[in-house]
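A short write-up of the structure that comes next.
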Amino acid sequence: MKKQTRITLALGIGFGLAMLSMALTIYFGYVHAYSNGGNAKDVYLFGLKIYRLTLEGNNYTGASLGVNMGIVCAIYMGIVLFLEEIIHKLRTL
């Protein structure tokens with residue numbers, strides 16, 4: 001497989017994993033907010049605040065913190081790219 005294709009595929013997988021983990025984290029944040037109550041709840045992933053839930057009436061509304069979500073995506077993409085390069089180097093030995 002060409003290097004550019006491998007890198008693009010690894011970055012895409014990292015991005016997909018980041019989106020999946022953030023979606024699950026935000027979902028469980030909503031579950032926790034509705035079960036415990038409170039006026040506001042912050043959702044964290046790896047110590048970074050990625051989402052803020054605020055109570056408006058009977059429902060929670062969310063606001064994303066884009067910079068921190070971008071950092072989480074970059075971390076996932078970097079890890080997957082690093083692992084892909086290690087696997088590729090080991091296969092070519």
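Numbered by full-length UniProt numbering, the letters in the sequence shown go through residues 1 to 93 in order. We treat Cβ as the ideally placed atom computed from N, Cα and C, and that holds for glycine.
A residue is called buried once 16 or more other Cβ atoms fall within 10 Å of its Cβ, and Lys41 is buried on that count. When Cβ pairs closer than 8 Å are counted between the two stretches, the stretch 6–22 is seen to touch the stretch 71–90, the count reaching three or more.
DSSP links Glu56 through a beta bridge to Asn59. Secondary structure of Leu45 (DSSP, three-state): strand. When only Cα atoms are considered, Ile87 and Val67 end up about 30 Å apart.
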